[in-house]
Amino acid sequence: MRRIGSPVRYFAVRRGGGPTGQAGDVRTGADERLEQARSLCEQAIFDGDIGRLTAADREPDAVEAALALARGRVAHARFLDAREEDAAELPLFEQAAQLYRSLGDVRGEGEALFWIGVFHQVVRDDHEAAVPILATSAELAERIGGQVDEARAVL
């Protein structure tokens with residue numbers, strides 16, 4: 000089995016835990032979020048509480064963001080192994096960032112931006128594009144209270 004590696008050190012974002020549905024919490028969060036969306040939809044349909052539909056829309060968006068981020072990371076790992084760019088990788092990370100931003104999930108947005116920066120730095124060897132994105136990611140991580148262990152990428 001070949002080890003996948005990269006000459007670039009990534010800055011590390013400490014993983015949060017728990018069933019919050021935020022980035023990195025796909026397994027437990029997805030089921031809970033989809034159940035919550037179902038419940039909110041039922042309240043809208045059967046109780047006439049149409050105001051619940053906005054919240055119901057947000058739950059699948061959070062699952063979709065986490066899935067896009069996970070798929071992007073898989074595509075990146077494949078790149079590290081085969082050194083062939085997957086055309087889906089960057090759009091997956093961008094989709095995750097946009098969804099997390101629309102949900103107000105700063106941690107998720109920061110992680111997605113981190114991976115966008117890594118994509119530009121590692122896959123495209125485009126440090127000029129990577130640096131401002133990685134800096135924004137680090138700023139978001141710092142804003143949410145010390146989630147960054149190491150806020151740097153060796154260029």
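Read left to right, the sequence shown gives residues 0 to 154 (numbering that gives the first Met the number 0). Virtual Cβ for every residue (Gly too), placed ideally from N, Cα, C.
Closest residue to residue i among the options (Cα-Cα distance)
i, options, result
"Phe78", "Ala134, Leu66 and Asp124", "Asp124"
"Thr135", "Glu88, Val121 and Trp114", "Trp114"
Residue i classed as buried or exposed, judged by whether at least 16 other C-beta atoms fall within 10 angstroms
i, result
"Arg82", "exposed"
"Ile49", "exposed"
"Ala129", "buried"
"Ala137", "buried"
"Ala29", "buried"
Cutoff 7 Å; reference residue i; Cβ partners in own chain excluding five residues on either side
i, result
"Arg100", "Glu108"
"Glu93", "Ile115"
"Glu84", "Phe78 and Val122"
"Arg57", "Leu102"
Spatial neighbours of residue i in its chain, beta-carbon cut-off 8 Å, leaving aside the 5 residues before and after
i, result
"Cys40", "Arg51, Leu52 and Ala55"
"Leu139", "Val105, Arg106, Glu108, Gly109 and Leu112"
Own chain, CB closer than 6 Å to residue i, minus 5 neighbours either side, in chain order
i, result
"Leu89", "Phe118"
The stretch 65 to 73 touching the stretch 36 to 54, judged by at least three CB pairs closer than 8 Å
no
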